[in-house]
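K.L.:
Handing you a structure now.
Number of protein chains: 2
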Amino acid sequence: MPLIRKGDDLGDQIVQAGKESGVTIESGDVVVVTQKVVSKAEGRIVNLSAVKPSTLANSVALQMNRDPRHVEAILQETSRIIRMKDNHLIVETKHGFVCANAGIDRSNVEGEDRVSLLPEDPDRSAEKIRRRLKELTGADVAVIISDTFGRAWRMGHVNFAIGVAGMKPIRDYRGEPDMFSHTLHVTVMAVADELASAAELVMNKRDRVPVAIIKGYRCPMGEGNARELVRPIEEDLFR
Amino acid sequence: MPLIRKGDDLGDQIVQAGKESGVTIESGDVVVVTQKVVSKAEGRIVNLSAVKPSTLANSVALQMNRDPRHVEAILQETSRIIRMKDNHLIVETKHGFVCANAGIDRSNVEGEDRVSLLPEDPDRSAEKIRRRLKELTGADVAVIISDTFGRAWRMGHVNFAIGVAGMKPIRDYRGEPDMFSHTLHVTVMAVADELASAAELVMNKRDRVPVAIIKGYRCPMGEGNARELVRPIEEDLFR
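In structure tokens form, the structure reads like this:
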């Protein structure tokens, strides 16, 4: 993919890059797009030189030995602090996602003082790309916007879904029989997260491969969104 | 795959099932095997009628409206209780994995009162399958033993790796440049977990598809194990 700038037509870029790679987008495909290019196309880039740190941001930045303007940008996208310890800032974003630094980072953002924010509404971003791909190719696809998450208890990061359109993000096996005809009680698979993780394996942080096309997966049909992947706080044992 | 029983040669079963599916196992493949068949082959099935609940198991089971023998089986595999609330029992297993019910469940286990435990040492299980596949096919593969995990903050389950052989489970981008030559500071991807998630998408809880062969993925080379995926408690913000 070329460098993405504010206002770029991501759907068109995806179709063009697909053609150059010999990939035709077809109905049933799952198109996984990393958050970073969506944020860039939507102009969700902040120049830290324009950010005025609050008293809290200054205080936290001092303790964490971090840039107070970056901390301020994080707090502005935050609805709840989950952990604030050592130099870690784990927060719940306005969308409900629990992640480090409200998903704000500078990797692969051009310029010294610029950081990317998560899209305002990643489900809407996914739906917009889905519609554009339909217009351009006639194909009915599912679209997932992915981002990189750390996890409690486990080392390393994985990609999960933050925006979903054209599929249900969860496959629900509850009530179905297992192979010995016991009823399966608790198996609800977050397939949109698994698709995002699978896609990450063929992307590359350093090269310009921010999109993966997954073929041959039979998605749970229906309209769904990534808000279904956010555990309500009253059911959450860890908030 | 056929039904797996204690003592079965899983490596041989995988090669046979591959042949029947037209899949040849080749060097560089990643063979993902679900925990359930590994536990069965290793005889890690417990008949609850032989389990005597402790006082604690009886007390917890009463509060949770659960089978005290099942609770006892869980506690016997537990090294630390992480959350005990409503009917949820989130524990750290002897291996260090944080999961519900110490990974013990009855789905796809034959018989009314039988449950499967996690393998004693899933890394050793993975290495054993890897060696057997090498013997049978000459191919140098990576092997991942996968299991289904719930997550803090997010709905639904995904598959992660509990055993790894023949690859490093983590791809470390730290110190490498991003596309604007900034140094990437924090990006350490748990690719073994992402491979386990990708594999789940082509498995099926109800059918007999407990193994997936992933082709064309360039694994981080080297000897690694799933213990590298366990966050040390002193670095963990959520234990």
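For the record, the sequence lines run as chains A and B.
In case it helps, the working numbering puts the first sequence at residues 1 to 239.
In case it helps, the working numbering puts the second sequence at residues 1 to 239.
All C-beta atoms, glycine included, are put in the ideal place defined by N, C-alpha and C.
Less than 6 Å between C-beta atoms, sequence neighbours within five positions excluded: which residues of the same chain meet that for A:A61?
P.N.:
Cβ within range, chain order: P68, V71.
K.L.:
Which stretch, first to last residue, makes up the alpha helix (DSSP H) that contains B:R130?
P.N.:
Segment 122-137, the alpha helix (DSSP H) holding B:R130.
K.L.:
At a Cβ threshold of 8 Å, is A:R83 touching chain B?
P.N.:
Closer than 8 Å: yes.
K.L.:
Can you tell me whether DSSP reads A:T55 as helix, strand or coil?
P.N.:
The answer is helix: DSSP assigns A:T55 an H, G or I state.
K.L.:
Only counting the same chain, and skipping five residues up and downstream in sequence, which positions put a Cβ closer than 6 Å to that of B:M64?
P.N.:
Correct list, in chain order: N87.
K.L.:
Mark B:D193 as exposed unless 16 or more other C-beta atoms lie within 10 angstroms of its C-beta, in which case mark it buried.
P.N.:
By the 10 Å Cβ count, B:D193 comes out buried.
K.L.:
Give the range of the beta strand (DSSP E) segment to which B:G150 is assigned.
P.N.:
Per DSSP, B:G150 belongs to the beta strand (DSSP E) from 142-150.
K.L.:
Please report how far the alpha carbon of B:S125 lies from the alpha carbon of B:V211, in whole angstroms.
P.N.:
When rounded, the distance between both Cα atoms is 14 Å.
K.L.:
Assuming B:A196 and B:N225 make a contact with CB atoms under 8 Å, what is their CB distance in whole Å?
P.N.:
14 Å between Cβ atoms; not a contact.
K.L.:
Just tell me which of A:S27, A:Q76, A:V141, A:G43 has its CA closest to the CA of A:T55.
P.N.:
When each option's Cα is compared against that of A:T55, the closest is A:Q76.
K.L.:
Using the C-alpha atoms, what's the distance from B:E176 back to A:V141?
P.N.:
For A:V141 and B:E176, the distance between alpha carbons rounds to 34 Å.
K.L.:
Taking 8 Å as the CB-CB limit, is B:I90 close to chain A?
P.N.:
Closer than 8 Å: yes.
K.L.:
Given this structure, state the Cα-to-Cα distance separating B:T148 from A:L118, to the nearest angstrom.
P.N.:
Approximately 28 Å between the Cα atoms of the pair.
K.L.:
Return yes when the Cβ of A:P220 is within less than 8 Å of the Cβ of A:V188, no when it is not.
P.N.:
No.
K.L.:
Do A:N204 and A:D113 have their CB atoms nearer than 8 Å?
P.N.:
Not a contact, by the Cβ cut-off of 8 Å.
K.L.:
On a CA-only basis, which of A:K168, A:S59, A:A50, A:L237 is nearest A:V115? Give me that one, please.
P.N.:
With distances taken between Cα atoms, A:V115 lies closest to A:A50.
K.L.:
Could you have a look at A:V202 and say whether DSSP puts it in helix, strand or coil?
P.N.:
In this structure, A:V202 counts as coil in the three-state DSSP scheme.
K.L.:
Which partner residues of B:R171 appear in the DSSP bridge assignment?
P.N.:
B:M189.
K.L.:
For a contact meaning CB atoms closer than 8 Å, what does A:V38 contact in chain B?
P.N.:
Simply none; closest approach about 16 Å.
K.L.:
If I measure Cβ to Cβ from B:I170 and keep anything under 8 Å in the same chain, skipping five residues before and after, which residues do I get?
P.N.:
Same-chain partners within the cutoff: V188, M189, A190, V191, A192, P220, G224, E228, L229.
K.L.:
Going along chain B in order, which residues have a C-beta closer than 7 Å to the C-beta of A:N108?
P.N.:
What A:N108 touches in chain B: D178, M179, F180.
K.L.:
Between which two residues does the alpha helix (DSSP H) carrying A:R69 extend?
P.N.:
Looking at the DSSP string, the run of the alpha helix (DSSP H) that includes A:R69 is 68-76.
K.L.:
Determine the extent of the alpha helix (DSSP H) in which A:V37 is found, giving its start and end residues.
P.N.:
Looking at the DSSP string, the run of the alpha helix (DSSP H) that includes A:V37 is 35-41.
K.L.:
Starting from A:L10, trace the alpha helix (DSSP H) in both directions and tell me its first and last residue.
P.N.:
Where A:L10 is concerned, the enclosing alpha helix (DSSP H) stretches over 10-20.
K.L.:
Using 8 Å as the Cβ pair cut-off and three pairs as the minimum, do the segment 127-138 of chain B and the segment 99-106 of chain B touch?
P.N.:
No, because fewer than three Cβ pairs between the segment 127-138 of chain B and the segment 99-106 of chain B fall closer than 8 Å, the two stretches do not touch.
K.L.:
List the residues of chain A that B:T78 touches, going by C-beta distances under 9 Å, in chain order.
P.N.:
Result: empty, since nearest Cβ-Cβ is about 14 Å, beyond 9 Å.
K.L.:
Given B:L10, which residues of its chain have a CB within under 6 Å of its CB, disregarding the five upstream and five downstream residues?
P.N.:
Once the five neighbours on either side are set aside, the close Cβ partners of B:L10 are A41, I129.
K.L.:
Would you list, in chain order, the members of the segment 132-154 of chain B that have their beta-carbon closer than 9 Å to a beta-carbon of chain A?
P.N.:
If the cut-off is 9 Å between Cβ atoms, the segment 132-154 of chain B has T148, F149, G150, R151, A152, W153, R154 near chain A.
K.L.:
In whole angstroms, what is the alpha-carbon distance linking A:M167 and B:V38?
P.N.:
If I take the Cα positions, the gap works out to 33 Å.
K.L.:
Against chain B, which members of the segment 188-200 of chain A pass a CB distance test of less than 8 Å?
P.N.:
Answer set for the segment 188-200 of chain A: V188, M189, A190, V191, D193, E194, L195, S197, A198, E200.
K.L.:
Between B:V143 and the rest of its own chain, which residues show a CB-CB distance below 7 Å, the 5 nearest in sequence each way excluded?
P.N.:
Here the set comprises V31, V33, A126, I129, R130, A165, G166.
K.L.:
Assign B:K36 to one of two classes, buried (16 or more other C-beta atoms within 10 Å of its C-beta) or exposed (fewer than that).
P.N.:
Per the 10 Å Cβ criterion, buried.
K.L.:
Have a look at B:K85, B:L89, B:R66, B:H95 and flag the residue whose alpha-carbon is nearest the alpha-carbon of B:S79.
P.N.:
Comparing Cα positions, the closest option is B:H95.
K.L.:
Could you check how far apart the C-beta atoms of B:I162 and B:F97 are, in whole angstroms? I think they sit under 8 Å.
P.N.:
Going by Cβ atoms, the distance from B:I162 to B:F97 rounds to 6 Å, so yes, they are a contact pair.
K.L.:
Which residue from A:G111, A:W153, A:G222 puts its Cα closest to that of B:R231?
P.N.:
Answer by Cα proximity: A:W153.
K.L.:
Between B:E26, B:N101, B:P53, B:A102, which lies nearest to B:G216 when the distance is taken from Cα to Cα?
P.N.:
That would be B:E26, whose Cα lies nearest to the Cα of B:G216.
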